[in-house]
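Student: Residue numbers for the sequence shown follow the numbering used here, beginning at 12 and rising by one. We put the beta carbon where it would ideally sit given N, CA and C, even for glycine.
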Amino acid sequence: ILKYVECFTGPNIMAMHTMLINKPPDAGGVNKMFHGIQDYEENTARVHLVMEKGDTVFFHPLLIHGSGRNKTQGFRKAISCHFASADCHYINVKGTSQENIEKEIAGLANKLYGLDNTVDLKDIWMFRARLVKGERTNL
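Structure below.
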């Protein structure tokens with residue numbers, strides 16, 4: 012997979028966020044970390060992607076995507092990884108639309124690890140990120 016990821020990121024590749032998904036049958040709810048899409052038009056054309064076991068799909072980070080309800084009797088399993096170039100830079104989200112998300116995520120991390128509100132979003136991403144190829148330069 013990394014040879015394809017490198018086409019987007021260049022040679023220094025970081026795994027920024029990884030999820031093992033095990034969606035149960037008829038799971039129609041929304042997880043608590045879902046923040047929704049503002050001004051989303053329900054009638055926008057959709058492309059449905061039919062996948063077989065073992066298939067891989069790559070999404071651009073700005074592509075609105077989702078799996079919908081699991082209408083089968085079995086669990087829907089997936090592995091998701093968000094990759095980025097290690098040459099990227101963190102940005103300060105204070106004063107942006109992402110500031111509230113930073114507060115929410117940092118609050119969860121501080122509570123979970125008893126950190127007395129000492130970490131911010133950059134600290135969390137630096138801790139979570141893993142080098143998977145090349146050199147760790149910025150991230």
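Can you give me the start and stop residues for the beta strand (DSSP E) that N33 sits inside?
Tutor: The residue given as residue 33 occupies position 22 in the sequence shown. Here the beta strand (DSSP E) through N33 covers 24 to 34.
Student: Round the Cβ separation of E113 and D131 to the nearest angstrom and send it over; I've been treating them as touching at under 8 Å.
Tutor: Here residue 113 refers to the residue found at position 102 when the sequence shown is read from its first residue. Here residue 131 refers to the residue found at position 120 when the sequence shown is read from its first residue. Going by Cβ atoms, the distance from E113 to D131 rounds to 7 Å, so yes, they are a contact pair.
Student: Check each candidate in G145, D98, H28, K14 and name the one with the smallest Cα separation from F138.
Tutor: By 1-based counting over the sequence shown, the position of residue 138 is 127. Considering only alpha carbons, the answer is H28.
Student: Do the segment 120 to 131 and the segment 74 to 85 meet, that is, are 3 or more Cβ pairs less than 8 Å apart?
Tutor: The segment 120 to 131 vs the segment 74 to 85: no contact.
Student: Go ahead and pull the three-state DSSP assignment for A56.
Tutor: For the purposes of this step, residue 56 is taken as the residue at position 45 of the sequence shown. In the structure shown, A56 sits in coil (DSSP, three-state: anything other than H, G, I, E or B).
Student: Verify whether the separation of the beta carbon atoms of K34 and N81 is less than 8 Å.
Tutor: Residue 34 sits at position 23 when you count from the first residue of the sequence shown. Residue 81 sits at position 70 when you count from the first residue of the sequence shown. Closer than 8 Å, so yes.
Student: Quick check on DSSP: helix, strand or coil for K144?
Tutor: Position 133 of the sequence shown, counting from 1, holds the residue named residue 144. Three-state DSSP puts K144 in a strand.
Student: Restricting to Cα atoms, I'd like to know which of E53, D66, E115, E146 is closest to S96.
Tutor: Position 85 of the sequence shown, counting from 1, holds the residue named residue 96. Ranking E53, D66, E115, E146 by Cα distance to S96 puts E146 first.
Student: Excluding sequence positions up to five away, which residues of its chain have a Cβ less than 6 Å from the Cβ of C92?
Tutor: One-based indexing of the sequence shown puts residue 92 at position 81. Closer than 6 Å at Cβ, skipping near neighbours: A26, T29.
Student: A120 lies in the beta strand (DSSP E); which residues open and close that run?
Tutor: Taking the first residue of the sequence shown as 1, we reach residue 120 at position 109. Not the beta strand (DSSP E): A120 falls in the alpha helix (DSSP H), residues 110 to 124.
Student: Measure the alpha-carbon distance for D37 versus T83 and round it to whole angstroms.
Tutor: For the purposes of this step, residue 37 is identified with residue 26 of the sequence shown, where counting begins at 1. For the purposes of this step, residue 83 is identified with residue 72 of the sequence shown, where counting begins at 1. If you take the alpha carbons of D37 and T83, they lie about 7 Å apart.
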